[in-house]
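K.L.:
Just dropping this structure here.
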Amino acid sequence: MIANAFEYTAPQSLDEALGLIAGGAKPLSGGMSLIPMMKLRLAAPEHLVDLARLKELNYIREENGELHIGAAVTHYEVESSPLLLGKCPLLAETAAHIGDIQVRNMGTLGGSVAHADPASDYPAALQALEAGIVLRSAGGARTVSAKDFFIDTFTTALEPGEIVSEIVVPVEPGLTGTSYQKCKHQASGFAVVGIAVRARRENGVVSLIRVGVTGLSGSSYRAENVEAALQGVEPTGEAIRAAAGLVAHSVDASADMQASSEYRKHLASVYTAKAIHAALSRSA
Amino acid sequence: MATTVTNIEKLVGKRIRRKEDPRLITGTATYVEDIKLPGMHHAVIVRSPHGAANIKGVDISKAAALPGVAAVFTGADITGVGSVVCGADLPGLRKPVHHILAQSRVYYVGHPVAVVVATDRYIAADGADLVEVDYEVTQAVTDPEKALAEGAPAVHPEWPDNKAFVFLQKGGDMEKAFADAEVVVKQRITSQRLVPNAMETRGVVADWLQAEHSLTLFTSTQIPHLARTILAGQLGIDENRVRVVAPEVGGGFGSKLNVYAEEALMGFISRKIGKPVKWIESRRENFLVTIHGRGHVDYFEIAAKRDGTILGLKLKLIQDLGAYHQLLTPAIPTLSVLMMPGLYNFRNIDAEVIGTFTNCVPTDAYRGAGRPEATHGIERMVDLLAAELNMDPAVIRFKNFVQPDQFPFPTATGLNYDSGDYGATLQKALDTIGYDDLRKQQAAARLEGRLMGIGISTYGELCAFGPSPATPAGGWESATVRVEPSGKVTIHTGTSPHGQGQETSFAQLAADELGVSMDDIVVLHGDTSVIPYGIGTFGSRNTAVGGPALFYALQDIKEKVKKFGKMLLKSENVVFENGKCTCQVSGKEVTFQTIAGAAYRAMQLPPDTDPGLVATKFWEPSNFAFPFGAHIIVSEVDRETGQIEIKRYVAVDDIGNQLNPLLVEGQVHGGAAQGLGQALWEHGIYDDNGQLMTGEFMDYAMPRASMMPWVECSHTTTPSPVNPLGVKGVGEAGTIGSTPAMVNSVMDALMPLGIRHLDMPLTPEKVWKAINGAA
Amino acid sequence: MKIAGSAQLPFSPERTYDLMQDPVLLAKAIPGCEALQKTGDDEYSLKMKMVLASLSGAFDGKVRLTEPDRPNSFRMVVEGSGKIGFMKGDGLLRLTPKDGGTEVAYEGDAQIGGTMAAVGNRMIDMTARMLIKRFFEKLSAEPAA
Ligand SMILES: Cc1cc2nc3c(=O)[nH]c(=O)nc-3n(C[C@H](O)[C@H](O)[C@H](O)COP(=O)(O)OP(=O)(O)OC[C@H]3O[C@@H](n4cnc5c(N)ncnc54)[C@H](O)[C@@H]3O)c2cc1C
């Protein structure tokens, strides 16, 4: 449990950090995923650049109807931010499900998103929120939608030299209800399945629904078939159950000792129904 | 003249907070890892990644050439060092030679092959990466039943049947019991491998002093004295030139009731390089190479009358021993057999234990050691029998309990239960939880299709090891009371507490006996150069065996104090109470502190009395102590997901007299956490090649505070006649009582679906599959 | 650990079978493969480098193709070992015509040992799935004949 030797830089500015990263240095944020791998010597980066201390990545603010959250914001800060609790409770609720308090005090939003662990929690929420992920390199910045960002197991749209610098979430009218429902892995605490739902009920029917799924397969995704089944429909228990049953349709579900593919798929539909019910009950 | 003695409040029996805690919670306690010695080197061990392989070559040249590496040792270098000791003996037991570094073969993943010693731990780890071992992988076998099958790979080629021993235990007349039986229930029940996972992993600092020809070894152990005797033997050093220190020990649960290869290895290295050397086990190593617990496959048959009277119990027990014997490996399943009859009155038992080698890390004592397996077995069988007979599980237990007037009760397995009132604990638990009402609620829940369960376990346990003939290395304990000239009191206990709280409870006892403040008392332990020989901490023995040793040493001190009191008060009519000797005639007093000073100053001595105020006692009980209790768990199973929710947990334990109920509850809570861990979450799973699939916390589900229900603790008190304190033992009770209560609760919930038995751990998927299979 | 699944390839079973026996193509399709050399009948030596999240490791190993039954099935065994551990995948691949192409169903065992095994069961399953997926994606990109 002893890492190989490495160099460590705590840069003074984001530019300095991006310059080092362009030169091949590896970003370090909360270290909650990276350091364990280094201690096992499964990862041996030669140079780490510490992003977690950069003020330029440490903010939560509202601007022009959007919430902007810096990559270095910790899970605990997301969970407890009055701004997010008020205007984007889904993200705060999701953050509260991550690991334990020590992990939440150290781990960061940007680190988790960049790492793209297929069982991590945020991706489900980001999918449901249709969030934007701002990627920045020494050469500039671009924004990618959550849907396009998460590609596969630990695989994202990040190019070499790029970091996740910010998450952008549109602020929604108060009518929308959200919920994150997670089945925790009994050992790791990661999501066996995690379902984030953002939904609105107007005039007795579902007028908006977004379903983000994590843990079930190699990457988070939007369950558009579930959304389509409920859009414009009266959300009876039966309708929700039937729609939720589609969540794992044609998904290559993961398996481990905690949950076989078959059981995971079943859990996904159970938790999807739960999340839809909870989100709708909070709508309007 | 009559003297009025104002009684100082007694401390024994009070809920007093632990004296140990401030240093533990402020991070100022000293663990092995905190020890730094001048010139200290660091060792990292190269371990086999294979479950079974021949070593064709080890190339250390690159590692040895790394700057900062002081030495690299392999199996070829350790000639002259004795092998790892197994202290258990059974007729016909096969004991493989367990070298401290592998010779030509490796037998389990984690088997130590080489060790790299360097000036710092980073270099040592870099060096370990450079050691090249050429393995020829051979077929492993990790499942004990597969290991017993014809044609299975041999763990030790010299014993192709993989049997380390077969142990038989018979009592009564089994043939008659089964002939008389009106009903026989059979069930295969497993008790899975568990990883003890003490919060502090193991660690050793060894410091050889050439000029003195002496070795000091700091090690995270439960048994410093036994470790010293064994290590002195392995290393060929005089026992009085070996000092073993157990500094703060961050949990053991049996996993440190052992003397491991690394301890002798560090002693060997320090002597070779002439420098102190430190090895700290990583968490990954802790999973792979520190002993595991349990590992049973049990085939039970219970015979009974239709009225619920149990007639006899048969057991075929296959114990997964792992590749080697650690200190007590083969003895653990024999403890299971001893406790097979549980709290019940039947006299016929028939057990066969097959100790089986596998390519896994050895199993050995883990909290409860053999008794949880037995209790789980008998308590499941009693529930299965109740179900078969359509009887209430409480009623069948009352019917079969050994009755209070039957004590001392000789069991079919040759034990002699000391005292008990089993019905009283069960009744109290039933009353506390509102049993009759719960059964009504359950009936209503079932009508709604909800799966609610009520699980009872009435456990008995043998502990307080124990009379010497029944305990390897001796079953006594020692205590020294040293009253200093100022009247402050230093206690030496031969037990080696590491979380049990004897620094507090022993101080309470001594404070009461001597009439001094608890703050005037220091309890020392765990250093063989300070403490007279002791046996150590395991088997819930500290209070029940170490306590009486202390009690009698305190009586000796009191006798001597009284002699000084008589001399100083110039009267024969003197009592010693509340920290003072008082002349019952004149009313004059002399304090304990004054007497202590007088005993050392020795200006004048009572007749036939030496100066000083020190007493040492070695004390051995005549029998084990047998705590018991009733645990009841109410649970609900979610039909849709198989998830289990614990609604209530009531524990009524009878551990005899209690020195400190707060410590007792702490032990019950901690024990229950580990017992529920086995019932619901934990499982050390090896694949067929010998890889531990749950070898870190990502896969091995340790119970956490957030997963625990509140345990509603209460007790009944049946003092043990075996020792003067009337205490029994509580270190393991929670672990033993909780597991079957949990499993019985879930099985009770699933009863309407016709599901009879599921093996632990009751993971949601397992339960879900059973529900679906039943539907 | 059991690994099972299937992939759809846009070729005939014969073409699919042949592609999967072609060392040049295998070298392209095996994720991280840096070199593949024939060392015997149906046996190749393999050098691969795996980079996944922050994990990276080089492996030396071999690939064996056995039990040939063109175009229905064959067995593929991939073994590798390196500093961070070792792995072995042994699976039977069954080819059946489907929807104008071929469905390749695989079923086998994956084994992993050494430090690598410490990353957790779920990681191994997910990684194996992803590597297999990438393998078939690469193959699908080949021309139809
Ligand atoms: C015990 C434990 C339990 C956990 N449980 C959960 C859980 O339940 N749910 C969950 O979602 N997660 C869980 N995690 C993971 C945790 O949330 C991590 O904090 C997170 O995955 C990584 O964030 P980090 O800031 O720690 O990143 P780091 O570990 O510092 O970095 C992770 C990776 O991302 C890269 N990186 C970091 N920051 C950036 C950036 N801004 N741009 C580009 N690349 C970057 C690093 O180079 C590295 O490869 C758990 C972790 C632990 C240790």
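Chains as they are written, first to last, in my numbering: chain A, 1200 to 1483; chain B, 3 to 777; chain C, 514 to 658. All C-beta atoms, glycine included, are put in the ideal place defined by N, C-alpha and C.
Nearest CA to the CA of B:Leu-313: which residue from B:Pro-159, B:Gln-586, B:Tyr-702, B:Lys-178?
P.N.:
B:Lys-178
K.L.:
Between B:Glu-450 and B:Gln-443, what straight-line distance do the alpha-carbon atoms span, to the nearest angstrom?
P.N.:
The alpha-carbon atoms of B:Glu-450 and B:Gln-443 are separated by roughly 11 Å.
K.L.:
Listed in chain order, which residues of the stretch 608–624 of chain C have Cβ atoms closer than 7 Å to some Cβ of chain B?
P.N.:
Gln-624
K.L.:
Report yes if the C-beta distance between B:Ala-632 and B:Ala-431 is below 8 Å; otherwise report no.
P.N.:
yes
K.L.:
Leaving out five residues before and five after B:Pro-723 in sequence, what residues of the same chain have Cβ atoms less than 7 Å from its Cβ?
P.N.:
Asp-420, Ser-421
K.L.:
Around the Cβ of A:Asp-1299, are there at least 16 other Cβ atoms within 10 angstroms (buried) or fewer (exposed)?
P.N.:
exposed
K.L.:
With 8 Å as the C-beta to C-beta threshold (strictly closer), list the residues of the stretch 592–607 of chain C near chain B in chain order.
P.N.:
Within the stretch 592–607 of chain C, Lys-596, Gly-598, Phe-599 place their CB atoms closer than 8 Å to a CB of chain B, listed in sequence order.
K.L.:
Can you have a look at B:Val-7 and say buried or exposed, based on whether 16 or more other CB atoms are within 10 angstroms of its CB?
P.N.:
At B:Val-7, the pLDDT of 47 sits below 50, so the modelled position is not reliable and the matter cannot be decided from this model.
K.L.:
Which residues are close to ligand 1, meaning CB closer than 5 Å to any heavy atom, in chain order?
P.N.:
The answer, residue by residue, is A:Lys-1225, A:Pro-1226, A:Leu-1227, A:Ser-1228, A:Gly-1229, A:Gly-1230, A:Met-1231, A:Ser-1232, A:Leu-1233, A:Ala-1270, A:Ile-1297, A:Gly-1298, A:Val-1302, A:Gly-1306, A:Thr-1307, A:Gly-1309, A:Gly-1310, A:Ser-1311, A:Ala-1313, A:His-1314, A:Ser-1319, A:Asp-1320, A:Ile-1362, A:Val-1363, A:Gly-1388, A:Phe-1389, C:Ser-567.
K.L.:
Pick out whichever of C:Met-514, C:Asp-535, C:Gly-518 has its Cα sitting closest to the Cα of C:Leu-652.
P.N.:
C:Asp-535
K.L.:
Among residues of its own chain, excluding the 5 on either side of B:Thr-5, which ones have a beta-carbon nearer than 7 Å to its beta-carbon?
P.N.:
The predicted position of B:Thr-5 is uncertain, since its pLDDT is 44 and thus under 50; a value taken from the coordinates is nonetheless stated next. Counting only Cβ-Cβ distances below 7 Å, and skipping sequence neighbours, we find Thr-584, Gln-586, Gly-589.
K.L.:
I'd like the list of long-range same chain contacts for B:Glu-1, defined as Cβ closer than 6 Å, with 5 residues on each side in sequence excluded.
P.N.:
Because chain B here runs from 3 to 777, residue 1 of chain B falls outside it and cannot be looked at.
K.L.:
With distances taken from CA atoms, which of C:Gln-624, C:Asn-585, C:Glu-556 is nearest C:Val-576?
P.N.:
C:Glu-556
K.L.:
Between which two residues does the beta strand (DSSP E) containing C:Pro-508 stretch?
P.N.:
Nothing can be reported for residue 508 of chain C, as the shown portion of chain C is limited to 514 through 658.
K.L.:
In chain order, what residues of the stretch 1452–1477 of chain A put their CB closer than 8 Å to some CB of chain B?
P.N.:
Asp-1455, Met-1456, Gln-1457, Ala-1458, Ser-1459, Tyr-1462, His-1465, Leu-1466, Val-1469
K.L.:
In this structure, does DSSP put B:Asp-163 in helix, strand or coil?
P.N.:
If DSSP states are grouped into helix, strand and coil, B:Asp-163 belongs with coil.
K.L.:
Quick check on B:Ser-193: does DSSP put it in helix, strand or coil?
P.N.:
strand
K.L.:
Along the stretch 628–644 of chain C, where does the CB come closer than 7 Å to a CB of chain A? Name the residues.
P.N.:
Under the 7 Å Cβ criterion, the stretch 628–644 of chain C contributes Thr-628, Met-629, Ala-631, Val-632, Gly-633, Asn-634, Arg-635, Asp-638, Met-639, Thr-640, Arg-642, Met-643.
K.L.:
Determine whether the Cβ of A:Ser-1387 lies closer than 8 Å to any Cβ atom of chain B.
P.N.:
At least one CB atom of chain B sits nearer than 8 Å to the CB of A:Ser-1387.
K.L.:
On the DSSP bridge list, what partners appear for B:Cys-88?
P.N.:
Under DSSP, no beta-bridge partner is assigned to B:Cys-88.
K.L.:
Go through the stretch 1346–1402 of chain A residue by residue and report every complete run of the beta strand (DSSP E) that reaches 3 residues or more, in order.
P.N.:
Within the stretch 1346–1402 of chain A, the complete beta strand (DSSP E) runs of at least 3 residues are 1349–1351, 1362–1369, 1376–1383, 1390–1401.
K.L.:
Quick one: measure Cβ to Cβ for B:Ala-396 and B:Leu-417, integer angstroms, because I've assumed they're closer than 8 Å.
P.N.:
In fact, because the Cβ distance is near 25 Å, the residues do not count as touching under 8 Å.
K.L.:
Pull up the CB-CB distance for B:Gly-496 and B:Leu-345, whole angstroms please, since I reckon it's below 8 Å.
P.N.:
So it is not a contact: roughly 31 Å between Cβ atoms.
K.L.:
Taking the C-alpha atoms as reference points, what is the distance between B:Leu-132 and B:Thr-81?
P.N.:
24 Å
K.L.:
Considering only the beta carbon of each residue, do A:Met-1200 and B:Arg-286 sit closer than 8 Å?
P.N.:
yes
K.L.:
Is there a Cβ of chain C sitting closer than 8 Å to that of A:His-1314, yes or no?
P.N.:
Under the Cβ criterion of 8 Å, A:His-1314 is counted among the residues facing chain C.
K.L.:
Give me the residue from B:Pro-249, B:Tyr-535, B:Gln-510 with the minimum Cα distance to B:Val-524.
P.N.:
B:Gln-510
K.L.:
Along chain B, in chain order, which residues have C-beta atoms closer than 8 Å to that of A:Met-1200?
P.N.:
Ser-284, Arg-285, Arg-286
K.L.:
Assign C:Arg-583 to buried or exposed, taking buried as 16 or more other Cβ atoms, counted over all protein chains shown, within 10 Å of its Cβ.
P.N.:
exposed
K.L.:
With 8 Å set as the bound, which would you pick, yes or no: does the beta-carbon of C:Asp-582 sit closer than that to a beta-carbon of chain A?
P.N.:
no
K.L.:
Return the chain-ordered list of same chain residues with a C-beta closer than 6 Å to the C-beta of C:Asp-622, the five sequence neighbours on each side being excluded.
P.N.:
Asp-603
K.L.:
Run down chain A in chain order and give the residues with a C-beta less than 8 Å from the C-beta of B:Ile-687.
P.N.:
Met-1456
K.L.:
Restricting to Cα atoms, I'd like to know which of B:Gly-173, B:Ala-674, B:Ala-116, B:Gly-489 is closest to B:Val-352.
P.N.:
A small correction: the amino acid at residue 352 of chain B is Asp; Val does not occupy that position in the sequence shown. Nearest option by C-alpha distance: B:Gly-173.
K.L.:
Leaving out five residues before and five after A:Gly-1414 in sequence, what residues of the same chain have Cβ atoms less than 6 Å from its Cβ?
P.N.:
Ala-1318, Ala-1390, Val-1391, Val-1392, Gly-1393
K.L.:
Between which residues of its own chain and A:Ala-1467 is the CB-CB distance below 6 Å, once the five residues before and five after are set aside?
P.N.:
Val-1392, Leu-1415, Val-1446, Ala-1447
K.L.:
A:His-1476 by DSSP, collapsed to three states: which one?
P.N.:
helix
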